[in-house]
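Everything in the sequence shown is counted per the numbering used here, starting at 7 for the first residue and increasing by one.
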Amino acid sequence: MNAPLTPVTVIGLGNLGRALALALVERGHPTTVWNRSPAKADPLVAKGARRVGTVAEAVAASPLVIVCVLDYDAARAALTPSAGALAGRALVNITSGTPEPVRAMADWAAEQGADYLDGAVYAVPQTIGTPEAFVLYSGSRAAFDAHHPTLDAVLGAGTFTGEDPALASVHDMAVLGGMYGMFAGFFHGITLAGTEGIPAADITRPMVRWLVQAAQALPEFAGDIDSGDYATDTSTIDINRWGLDAILTAGRARGVDDRLLAPLLGLFERQAAEGHGSASLARAYESFAPGARRAG
Ligand SMILES: NC(=O)c1ccc[n+]([C@@H]2O[C@H](COP(=O)([O-])OP(=O)(O)OC[C@H]3O[C@@H](n4cnc5c(N)ncnc54)[C@H](OP(=O)(O)O)[C@@H]3O)[C@@H](O)[C@H]2O)c1
């Protein structure tokens, strides 16, 4: 006979929380749900979830409590009335947040006697629980070890990044910063193509194809940055400086705003001016982050 599945509570039934709660119900976990607007639980209740009227009841119902609300103010507002019920619970917070509120939340949870685990989810509601989805965690190692099989199945494959609870958030800020940089190039590129009558959809197909390949260069750049060795026979500061300058010049001639990408060209130019034109493109990091604290 199979061991009974862990009872799980989900606090927050927005788009992501509903998908998560549904995955739990469908896998057969006794699932207790709470949401500020109770009607969002209706479809889950119809499938077997138990809706409760207070967060304290929700927390008391399960050893594993997952919070998925808008932000850390909302998480704190939702959880505060349940403080007395949190002792001995694993509190897994997959709400997106920056490191400072994460650390404050972790301290508060520790005061309540909860094992706090913070999670950064790389999925959308449609991919939750699929092989595409993954999650980075930080905080309580014990909570991760006890619950990651359950979490992996309903959210995505989990990786523990360390016991500082803010580590998942720091990873998230960095990873999503990379994504927004990509979006900047996307907007510039489709605008440039549009001035010549090329629809966004048509230019996006080759752009995505190339971006997937270009992303393969990033681990090599990271190696250059971590080692400080910028020798290259692949892609130099100069070749990229000329390339990006040409793109911006062509765009400006067509009325395309250069504000998203011009600062990047500025980094390349500073490296070239300091005599590093033949170094790896990754050396632009040295112009971007001279004052930033770095690892090691
Ligand atoms: N959606 C995604 O693809 C995705 C992916 C990764 C991470 N995330 C993160 O997951 C979190 C939830 O995202 P979502 O897409 O599910 O957001 P959402 O659909 O906007 O849902 C927000 C949830 O927060 C609740 N909430 C807001 N303010 C509250 C308060 N003061 N007290 C109690 N509950 C409050 C809402 O309750 P009501 O229903 O009562 O308004 C709702 O349940 C966010 O931090 C988001 O960044 C989302």
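The beta-carbon is built from N, C-alpha and C at its ideal position, and this holds for glycine as well.
Taking its Cβ as the centre, do 16 or more other Cβ atoms sit within 10 Å of residue i, making it buried, or is it exposed?
| i | result |
| --- | --- |
| residue 102 | buried |
| residue 17 | buried |
| residue 171 | buried |
| residue 174 | buried |
| residue 218 | exposed |
| residue 263 | exposed |
| residue 178 | buried |
Would you grab the beta carbon distance between residue i and residue j for me? Rounded to a whole angstrom, and I think it's under 8 Å.
| i | j | result |
| --- | --- | --- |
| residue 54 | residue 92 | About 25 Å separates the two Cβ atoms, so there is no contact after all. |
| residue 14 | residue 156 | 7 Å |
| residue 57 | residue 47 | 4 Å |
| residue 193 | residue 213 | Not quite, the Cβ-Cβ distance comes to about 11 Å (not below 8 Å), so this is no contact. |
| residue 73 | residue 41 | About 11 Å separates the two Cβ atoms, so there is no contact after all. |
| residue 130 | residue 141 | The Cβ separation is near 13 Å, so there is no contact. |
| residue 241 | residue 273 | The pair is not a contact, with the Cβ atoms about 14 Å apart (cut-off 8 Å). |
Cβ of residue i within 8 Å of Cβ of residue j?
| i | j | result |
| --- | --- | --- |
| residue 243 | residue 278 | yes |
| residue 84 | residue 121 | no |
| residue 146 | residue 167 | no |
| residue 31 | residue 37 | yes |
| residue 61 | residue 44 | no |
| residue 105 | residue 181 | no |
| residue 134 | residue 266 | no |
| residue 285 | residue 238 | yes |
| residue 11 | residue 28 | no |
| residue 139 | residue 161 | yes |
Any idea which residues DSSP pairs residue i with across the strands?
| i | result |
| --- | --- |
| residue 163 | 140 |
| residue 37 | 14 |
| residue 86 | Per DSSP, none; premise fails for residue 86. |
| residue 121 | 96 |
| residue 72 | 16, 98 |
| residue 127 | 141 |
| residue 147 | Beta-bridge pairing links residue 147 to no other residue. |
| residue 57 | 39 |
Which of the three DSSP states is assigned to residue i in this structure?
| i | result |
| --- | --- |
| residue 242 | strand |
| residue 209 | helix |
| residue 109 | helix |
| residue 236 | coil |
| residue 284 | coil |
| residue 201 | coil |
| residue 31 | helix |
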